[in-house]
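Read through the structure below, which is laid out as structure tokens, and then see the notes.
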Amino acid sequence: MDASETNTGTLSFCMLELSVHGDDVVYVFLYNGVRFFVTVAAKDLEGEGDNLRHFCNLREDPDDPDNMFLFEEWVLGALDGFIREVAPNPAPGSVKIITLLEYFSPSTFAFKLVNNAGHLCAVQECYDPDIHGDITPRTQIVDSLVDFPGSDRIEPEEVILRTTLPPVPIISAACLELCSDELLPEELSDIPKRVRRAGTSEVFFFKGGFKDHGHQRELKILTQIHCSRSFEQPLPTSRLAGLVVWDDDASCLMGFLLEYIEGETLALRAETASLTNKIKWMRQVEATVKQLHQLNVVWGDVKSDNVIINTSGDAVIVDFGGGYTPGFIEKELQQTARGDLMGLDHMAAEMGFDNSSNT
């Protein structure tokens, strides 16, 4: 389905989740700001036609880009009529101001796909977060990890102690707007990053508190850096600027705000930079990592994509979520100081010089 088929405007699309559960697949996406939960079960595709075969191809290798493209077209084709009705393309040139609250509270529809005499058909279901799941970024702020409201149904990683929160402003999600005027039309459904405080020119980088994305680790480290008095000058790292809470529940964290860093990643800048500049940036990154280790902080996902060269031409370390990049370090050294040093060696090698003295 393309823009010319539905309207003269440009559609926006973002996959939010694709998960395989045995013989079933759950596929969640935003289409022009409307959220769709689609469940595909192998048993519902049995019968005439190639529907089951198409589905099995994806399930066997969901990371293959070609498989993913065909799967998306397959699903969207089944939902075509409904999508045209509830999520039409916007009029050309129209830009709507969207808040974080609106983005994460969209109209939501649930479907299951079935085989009807060889034709793939979408059957609408009643959307129920308890059944279909809630993938919005929510972390409950509690006063105790033992007895708190909902403790019988909330996983420990979905809560955070109030006493551990940093001393930064707390802002409601409805008071933060996506910087949509800086986005291409097709990017409007993408998970927000750059946001602006409503009625001001204050711009921040937003990080959502998505489950299993390391936000608690990152918030803990950024809080430690924020509260540290160990160094005369602030560390050249991403810096906390605020916490974002849901408007209907101020004890539920949506995510946090970082000071926005204008610049480009080291990975991008290194493509055209002189050797002198690349050495300068590596030495800056090494110095920052050394200071972090003095605070008992491990960077955790050392790579040039996680370094921003700011407008002053200096290297700033970002992303403390603790991800893992295969090939940079050995798996067992993930989130260790030694792993950080090994990652620095790989960064230097990528930029064309030896840095092996670190390890």
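All residue numbers for the sequence shown refer to UniProt numbering, where the first residue is 1 and numbers rise by one. Glycine included, each C-beta is placed from N, C-alpha and C at the ideal position. Predicted model only: the values in this text are computed from it and were never measured.
Rounding to the nearest angstrom, what Cα-Cα distance links SER251 and HIS293 in this structure?
Counted from its first residue, the sequence shown places residue 251 at position 251. Counted from its first residue, the sequence shown places residue 293 at position 293. Between SER251 and HIS293, the C-alpha separation is close to 32 Å.
At which residues does the beta strand (DSSP E) containing VAL195 begin and terminate?
On the sequence shown, residue 195 is found 195 positions in, with the first residue counted as 1. Start and end: 194-197.
Can you list, in chain order, the residues of its chain whose CB lies under 6 Å from that of CYS179, leaving out five sequence neighbours each side?
As a first step, residue 179 is located in the sequence shown; it is residue number 179 there, counting from the start. Closer than 6 Å at the Cβ level, and outside the excluded window around CYS179, lie ARG194, ARG196.
When VAL123, ILE308, GLY242 are compared against GLY81, the one with the closest alpha-carbon:
On the sequence shown, position 81 is the one that residue 81 refers to. The shortest Cα separation from GLY81 among VAL123, ILE308, GLY242 belongs to VAL123.
Between ARG283, MET254, LYS331, which lies nearest to PRO137 when the distance is taken from Cα to Cα?
Indexing the sequence shown from 1 puts residue 137 at position 137. The shortest Cα separation from PRO137 among ARG283, MET254, LYS331 belongs to MET254.
Provide the residue(s) that pair with MET15 in DSSP beta bridges, ordered along the chain.
Translated into positions along the sequence shown, residue 15 becomes position 15. Beta-bridge pairing links MET15 to PHE29.
State the DSSP-derived secondary structure class of ALA287, mapped to helix, strand or coil.
Numbered from its first residue, the sequence shown carries residue 287 at position 287. In this structure, ALA287 counts as helix in the three-state DSSP scheme.
With distances taken Cα to Cα, identify the nearest neighbour of VAL297 among THR272, GLU48, ARG217.
Counted from its first residue, the sequence shown places residue 297 at position 297. Comparing Cα positions, the closest option is ARG217.
Is GLN233 helix, strand or coil by DSSP?
Position 233 of the sequence shown, counted from the start, is the residue given in the question as residue 233. It is coil, neither helix nor strand.
Which of helix, strand or coil does DSSP assign to ASN296?
Position 296 of the sequence shown, counted from the start, is the residue given in the question as residue 296. Three-state result, ASN296: coil.
Is it a yes or a no for the stretch 28-44 touching the stretch 100-114, going by three-plus beta-carbon pairs under 8 Å?
Touching, yes, given that three or more Cβ pairs across the two stretches are closer than 8 Å.
Verify whether the separation of the beta carbon atoms of PHE256 and LEU235 is less than 8 Å.
On the sequence shown, position 256 is the one that residue 256 refers to. On the sequence shown, position 235 is the one that residue 235 refers to. Their beta carbons are not under 8 Å apart, which means PHE256 does not touch LEU235 by this criterion.
Test item: CB-CB of GLY214 and GLY343 under 8 Å
Working through the sequence shown from its first residue, we reach residue 214 at position 214. Working through the sequence shown from its first residue, we reach residue 343 at position 343. Taking 8 Å as the Cβ cut-off, GLY214 and GLY343 do not qualify as a contacting pair.
Within 8 Å, strictly: CB atoms of ASN51 and LEU58
Against the sequence shown, residue 51 aligns to sequence position 51. Against the sequence shown, residue 58 aligns to sequence position 58. Not a contact, by the Cβ cut-off of 8 Å.
With a threshold of 7 Å on Cβ separation, who are the neighbours of ALA3 within its own chain once the five nearest residues in sequence on each side are excluded?
Counting from one through the sequence shown, the residue named residue 3 turns up at place 3. Reliability fails at ALA3, whose pLDDT of 40 lies under 50, so the model's placement of it is uncertain and the value that follows must be treated cautiously. Answer for ALA3: GLY9, THR10, LEU11, ASN89, listed in chain order.
Is it the case that the Cβ atoms of GLU182 and ASN115 are separated by a distance below 8 Å?
As a working mapping, residue 182 is identified with position 182 in the sequence shown. As a working mapping, residue 115 is identified with position 115 in the sequence shown. The answer is no: Cβ separation not under 8 Å.
Go ahead and pull the three-state DSSP assignment for VAL34.
Taking the first residue of the sequence shown as 1, we reach residue 34 at position 34. In the three-state DSSP reduction, VAL34 falls in the strand class (E or B).
Cβ of GLU157 within 8 Å of Cβ of LYS112?
In the sequence shown, residue 157 corresponds to position 157, counting from 1. In the sequence shown, residue 112 corresponds to position 112, counting from 1. No, Cβ-Cβ distance for GLU157 and LYS112 is not below 8 Å.
Could you pull the start and end residues of the alpha helix (DSSP H) that CYS227 belongs to?
What you label residue 227 is simply residue 227 of the sequence shown in a count that begins at 1. Element bounds for CYS227: 215-227.
I need the boundaries of the beta strand (DSSP E) containing CYS252, first residue and last residue.
Your numbering for residue 252 matches position 252 in the sequence shown. Element bounds for CYS252: 249-259.
Give the secondary structure of THR6 by DSSP, where H, G and I count as helix, E and B as strand, and everything else as coil.
In the sequence shown, counting from the first residue as 1, residue 6 sits at position 6. Unreliable positioning characterises THR6 in this predicted model, as indicated by a pLDDT of 42, which lies under 50. A coordinate reading is not provided.
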